[in-house]
Amino acid sequence: MNKTSPEYQEGVRKAIKALEEKYLGVYQDYQASKNDLILLIEEHEEYSWNEFILDPSRVHALWRRGNWRASTLSLAFAISTMDF
C-alpha cells in the first residue's frame, strides 16, 4: 500500500468527505433535537408559571415539599431519552 499514490490519496479524500457529510447530518439532527428540547422546557416553564399565577397556594405547597424543580427536571430527563 503506497500512501503517496494518487489512488490512495483520492480514497482518503473520499473517505474524509463522506465522514464530514455524515458528521454534518448528525450535527444538524442534534441541533434540531436540542432546539426541540429547549422549546419543550420553555413551554413547561411557562405552564408552571401560569399555574403559579392562577393557584399560588398549590405551588407553594409543592415548593415546600421540594417538588417544584423536580417536575421540570423529570420533564427534561424524559424528553432527553426520547428518540427524535
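Residue numbers (my numbering): -3 to 80. For glycine and all other residues, C-beta sits at the position ideal for the given N, C-alpha and C.
| Check | Outcome |
| --- | --- |
| Boundaries of the alpha helix (DSSP H) in which N46 is found, first to last residue | P2 to L50 |
| Own chain partners of N(-2) with C-beta closer than 7 Å, once the 5 adjacent residues on each side are dropped | Y4 |
| Own chain partners of N31 with C-beta closer than 6 Å, once the 5 adjacent residues on each side are dropped | none |
| V8 versus S29 - alpha carbon distance | 31 Å |
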